[in-house]
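A.B. asks: Protein chains in written order, with our numbering: chain X, 36 to 360; chain V, 17 to 356.
Positions of the beta carbon are idealized from the N, C-alpha and C atoms, including for glycine.
Structure below; questions to follow.
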């Protein structure tokens with residue numbers, strides 16, 4: 036029985052899955068299985084995963100159920116005591132699994148161990164951007180406002196902790212749910228926040244940018260609209276679990292979420308949308324302004340500059356940042 | 017006759033008080049020992065006059081109360097001390113604790129003062145062990161009980177479910193706000209919802225219920241069996257619940273029972289309560305719709321009273337055996353010293 040399972044949800048990822056699996060097979064901690072959940076791919080994703088001929092790779096196939104559904108099938112098939120996730124276009128640094136295993140072994144109260152992430156572009160090059168979240172003393176309010184877990188390829192969870200989240204929705208006869216499959220966006224944060232609100236397992240990070248998280252440019256405005264709608268649906272869904280908590284923290288969390296969408300709009304070069312988002316953020320709550328003044332004002336300035344001068348000055352700045360990194 | 021003193025710091029009507037009423041009045045419990053219930057201050061339990069072979073704390077552990085528990089241990093170094101954990105469980109820790117390390121330190125320190133810690137449900141016992149709060153060797157699990165005959169004597173409601181009852185203190189813990197929202201999402205004009213109890217959330221619950229004539233909040237019921245008699249189904253949407261005595265009463269009265277899938281309520285699911293898997297309005301609304309369409313009655317009679325008495329008998333016998341062994345060891349030790 037492997038000590039750890041790494042779940043790789045894969046939907047039409049023939050271009051990137053080999054690189055992702057290579058990064059997992061190169062882990063310095065070697066007691067693992069990789070579960071590739073083929074979520075109804077119509078390209079060569081499965082053939083590529085099989086062609087590696089690695090006995091540690093198991094392939095689970097299903098008709099398309101979305102990311103949450105793929106992760107759930109992976110969890111249902113996983114045999115490890117610890118379960119990590121790596122989306123099939125992201126990469127793990129070689130020491131990542133070892134760091135989380137050490138962390139979870141040493142801290143029996145920690146149910147979710149995560150790390151920071153480095154952002155890479157389509158070709159795997161560093162963009163100069165990173166997620167360096169707070170690592171300790173994380174409360175549900177942090178999860179809600181700042182999502183320190185960051186992305187779906189960052190956490191490694193304890194099986195026992197995941198199982199405290201499991202439920203069997205009416206009509207599901209096949210297996211439990213851990214992620215809510217009715218969400219097609221915000222499924223990560225919904226799961227982490229529910230984890231923070233409903234279980235007494237701790238969420239804690241380990242140092243280092245151990246995940247390489249791929250940002251694909253050209254974010255459509257319609258996608259961010261859908262993403263924000265999903266986020267609001269999460270707030271509606273979880274409010275009955277913790278009404279006081281939600282009432283207290285939702286405005287600030289909404290402001291942070293809108294600021295994040297503003298930054299995404301800046302990255303994809305959409306000035307007017309960025310400006311509208313950051314203004315909506317500030318009208319939801321001033322907390323991002325006094326908790327993280329530099330980042331909030333930079334976002335506002337970038338949105339204004341992008342709207343006024345177009346994308347050129349910002350592209351130049353970003354190139355500078357990438358060189359520095 | 018063996019004398020067991022039960023210390024309580026909360027004499028408000030509620031689960032703990034009713035459990036102690038049972039302990040003090042039940043004939044089988046009386047054959048086991050003389051039970052004396054002593055109300056004490058949460059911070060100074062040792063100042064009460066106590067004369068006992070076994071002391072059982074039903075107190076709420078807190079940092080402010082910890083020195084008092086230490087004094088209690090100091091005053092009775094050789095009397096077996098037992099703590100029954102009525103307050104804390106995994107769901108409580110998730111919902112209410114912002115500094116988990118500090119909270120766990122408190123519980124470990126407090127529990128270390130006792131010879132035995134009694135969990136009130138299997139789910140709570142699991143949590144206590146899993147979090148390393150209690151060593152398995154000092155942990156017992158005894159599910160609380162109340163006198164159930166009045167509930168068993170109630171006529172079983174015939175026909176379909178009409179009145180849904182929720183009984184308990186009006187507190188965020190109980191999730192009655194969620195129940196009202198879910199109930200209002202079900203438009204069936206023949207359904208009724210009765211929230212029986214009182215507490216700090218009353219005004220908020222009344223606001224939530226305003227405008228829906230199907231919902232009533234008749235107030236605190238001094239006779240719980242009477243309150244149960246008006247319900248065709250009992251709902252417990254608690255956000256956390258170390259055990260949940262109402263569930264036991266509902267099943268004794270053969271009322272179908274919907275419970276949140278948390279903490280001690282999981283114990284009741286094993287006995288026939290129906291779990292509502294998610295703490296969402298949709299999940300509870302569809303559970304109500306399904307229950308309306310027909311729901312099986314729990315047919316089990318768990319003879320919960322006997323199980324509870326057995327638990328205490330086992331615990332007391334075990335404690336006194338060890339106490340006797342310790343006495344013998346002490347005497348033998350002294351004799352050896354004398355011989356030397």
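#1: One question on the structure: do residue 58(V) and residue 25(V) come within less than 7 Å of each other, judged by their Cβ atoms?
#2: Grouping DSSP H, G and I as helix and E and B as strand, with all else coil, what is residue 190(X)?
#3: Assuming residue 121(V) is part of the beta strand (DSSP E), what are its boundary residues?
#4: Do you know how far the Cα of residue 223(V) is from the Cα of residue 216(V)?
#5: Measure from the alpha carbon of residue 269(V) to the alpha carbon of each residue in 310(V), 319(V), 277(V) and 196(V), then state which is nearest.
#6: Return the residues of the region 288-312 of chain V that lie within a Cβ-Cβ distance of less than 7 Å from chain X, sorted by chain order.
#7: Since residue 285(X) meets chain V, which of its residues come closer than 7 Å, beta carbon to beta carbon?
#8: What does a CB cutoff of less than 7 Å around residue 256(V) pick up in its chain, not counting 5 residues either side in sequence?
#9: Once you ignore the five residues that flank residue 164(V) on each side, which residues in its own chain have a CB closer than 6 Å to its CB?
#10: Can you say whether residue 246(X) is buried or exposed, counting buried as having 16 or more other CB atoms within 10 angstroms of its CB?
#11: Cβ of residue 180(X) less than 7 Å from any chain V Cβ?
#12: I need the boundaries of the alpha helix (DSSP H) containing residue 141(V), first residue and last residue.
#13: With residue 207(V) and residue 221(V) assumed to form a contact (beta carbons below 8 Å), what rounded beta-carbon distance in angstroms separates them?
#14: Please state whether DSSP places residue 162(X) in a helix, a strand or coil.
#15: Exposed or buried, which one is residue 332(X) when buried takes at least 16 other CB atoms within 10 Å?
#16: Could you check the C-alpha separation between residue 321(V) and residue 166(V) for me, to the nearest Å?
#17: Compare the C-beta of residue 281(X) against all C-beta atoms of chain V and say whether one is closer than 7 Å.
#18: Using the beta-carbon of each residue, which ones in chain V are nearer than 8 Å to residue 140(X)?
#19: How far does the beta strand (DSSP E) with residue 252(V) in it reach, from first residue to last?
#20: Does the beta-carbon distance from residue 252(V) to residue 263(V) come in below 7 Å?
#21: So that I know if they touch, is there some Cβ in chain V lying closer than 7 Å to that of residue 235(X)?
#22: Are the C-beta atoms of residue 7(X) and some chain V residue less than 7 Å apart?
#23: Give the interface partners of residue 248(V) over in chain X, defined as CB-CB distance under 9 Å, in chain order.
#24: Decide if residue 120(X) is buried, meaning its Cβ has at least 16 other Cβ atoms within 10 Å, or exposed.
#25: Between the alpha carbons of residue 111(X) and residue 132(X), how many angstroms are there, rounded?
#26: Give the straight-line distance between the Cα atoms of residue 142(V) and residue 66(V), rounded to the nearest whole angstrom.
#27: Kindly indicate the opening and closing residues of the beta strand (DSSP E) around residue 153(X).
#28: Using a Cβ cut-off of 7 Å (strictly closer), state whether residue 114(V) contacts chain X.
#29: Mind listing the chain X neighbours of residue 106(V)? Cutoff is C-beta to C-beta under 8 Å, in chain order.
C.D. replies: In brief:
#1: By the CB criterion at 7 Å, residue 58(V) and residue 25(V) fall inside the cutoff.
#2: coil
#3: The continuous stretches of beta strand (DSSP E) do not include residue 121(V), which lies in the alpha helix (DSSP H) extending over residues 116-127.
#4: 13 Å
#5: 319(V)
#6: Along the region 288-312 of chain V, the positions whose C-beta sits under 7 Å from a C-beta of chain X are 293, 294, 295, 296, 297 and 302, read in chain order.
#7: By Cβ distance, chain V contributes nothing, its closest Cβ being about 16 Å from residue 285(X), past 7 Å.
#8: 105, 107, 108, 111, 189, 278 and 279
#9: Counting only Cβ-Cβ distances below 6 Å, and skipping sequence neighbours, we find 268.
#10: Per the 10 Å Cβ criterion, buried.
#11: no
#12: 138-146
#13: Rounded, the Cβ-Cβ distance is 17 Å, inconsistent with contact.
#14: strand
#15: An exposed status is given to residue 332(X), since fewer than 16 other beta-carbon atoms sit within 10 Å of its beta-carbon.
#16: 13 Å
#17: Judged by the 7 Å Cβ criterion, residue 281(X) is not in contact with chain V.
#18: Correct list: empty, because the minimum Cβ distance to chain V is about 14 Å.
#19: 249-252 is the span of the beta strand (DSSP E), which, as asked, contains residue 252(V).
#20: Between residue 252(V) and residue 263(V), the C-beta spacing is below 7 Å.
#21: Judged by the 7 Å Cβ criterion, residue 235(X) is in contact with chain V.
#22: Residue 7(X) is absent from the model: chain X starts at 36 and stops at 360.
#23: The contacting residues do not exist; residue 248(V) stays about 22 Å from chain X at best.
#24: buried
#25: 20 Å
#26: 32 Å
#27: Its beta strand (DSSP E) spans residues 145-155.
#28: yes
#29: Those within 8 Å of residue 106(V) in chain X are 199, 234 and 235.
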